[in-house]
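In my numbering, the protein residues as written are 194 to 396.
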């Protein structure tokens, strides 16, 4: 599959934009973390991208760092959850209207797919989610307050609770800053880049 010229042009500048301006206040943000140096969880809105397949869609993750100091300059998380999507929404990607070709009985068939459900980011606010970390077998339950998306950076937004030890973390609104980029190989075995931005942090 091929992305449209317009779509490629609109996203081609992402890596340079990220490196240039995505974390202008990283040091200030670092100073606001509730327990500096302690473990921290991020609720992240992410992009999955594979240019060769013509794939780009929204997905949500939780990312866990053992030391919050190591989560403000694009560092990789110590543990990453499974991918989650809001399947009730279909506005989070660019697989719609693609032409798929396949061979059937020695004939090449082109199939135009006009409605591929690809989902969107999870709605963290006002909805409880059980987020699974396949690397550790740990599940974290989220409880972000309804309306928290409109809070200012650093304001209290709710809680998450880890079921392995029932530890509760207090969550705060983040500023949508660049969190990390994970290139293949990625945990789900695909060639799809994971590019994440922090929506909430929990300490």
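For every residue, glycine included, the Cβ atom is placed at its ideal position computed from N, Cα and C.
Could you compute how far the alpha carbon of residue i sits from the alpha carbon of residue j?
i	j	result
residue 369	residue 390	5 Å
residue 261	residue 230	5 Å
residue 198	residue 242	Model confidence at residue 198 stands at a pLDDT of 37, short of 50, so the residue's coordinates are unreliable; what they give is reported in the following sentence. Taking the straight line joining both Cα atoms gives about 16 Å.
residue 349	residue 337	9 Å
residue 327	residue 273	8 Å
residue 258	residue 331	14 Å
residue 232	residue 380	21 Å
residue 385	residue 245	10 Å
residue 376	residue 319	32 Å
residue 342	residue 315	12 Å
residue 359	residue 396	14 Å
residue 357	residue 378	28 Å
residue 271	residue 345	27 Å
residue 247	residue 351	37 Å
residue 216	residue 269	Caution is warranted here: a pLDDT of 33 is assigned to residue 216, below 50, making its placement in the model unreliable, and no coordinate value can be reported.
Give the DSSP-derived three-state secondary structure of residue i in the structure shown.
i	result
residue 341	helix
residue 282	coil
residue 384	coil
residue 308	The predicted position of residue 308 is uncertain, since its pLDDT is 45 and thus under 50; no value can be drawn from it.
residue 238	strand
residue 245	coil
residue 274	coil
residue 313	strand
residue 261	helix
residue 329	coil
residue 391	strand
Mind checking whether residue i and residue j have CB atoms under 8 Å apart?
i	j	result
residue 252	residue 277	yes
residue 312	residue 275	no
residue 254	residue 388	no
residue 263	residue 353	no
Kindly give me the distance between the Cβ atoms of residue i and residue j, rounded to whole angstroms, as I take these residues to be in contact under 8 Å.
i	j	result
residue 364	residue 325	With 8 Å as the limit, residue 364 and residue 325 do not qualify as a contact, their Cβ atoms being about 18 Å apart.
residue 340	residue 366	With a Cβ gap of about 11 Å, residue 340 and residue 366 do not count as contacting.
residue 392	residue 317	7 Å
Which residue's Cα is closest to the Cα of residue i: the options?
i	options	result
residue 329	355, 344, 346, 373	355
residue 249	350, 383, 396	383
residue 361	333, 318, 315	333
residue 266	371, 379, 378	371
residue 237	319, 246, 357, 374	374
residue 335	376, 322, 342	322
When you compare the CB of residue i with every CB in chain C, is at least one pair closer than 8 Å?
i	result
residue 393	Going by chain labels, chain C is absent from the structure shown, which holds only one protein chain.
Cβ-heavy atom distance between residue i and the ligand FAD below 7 Å?
i	result
residue 361	Although the ligand FAD was asked about, the structure shown includes no ligands whatsoever.
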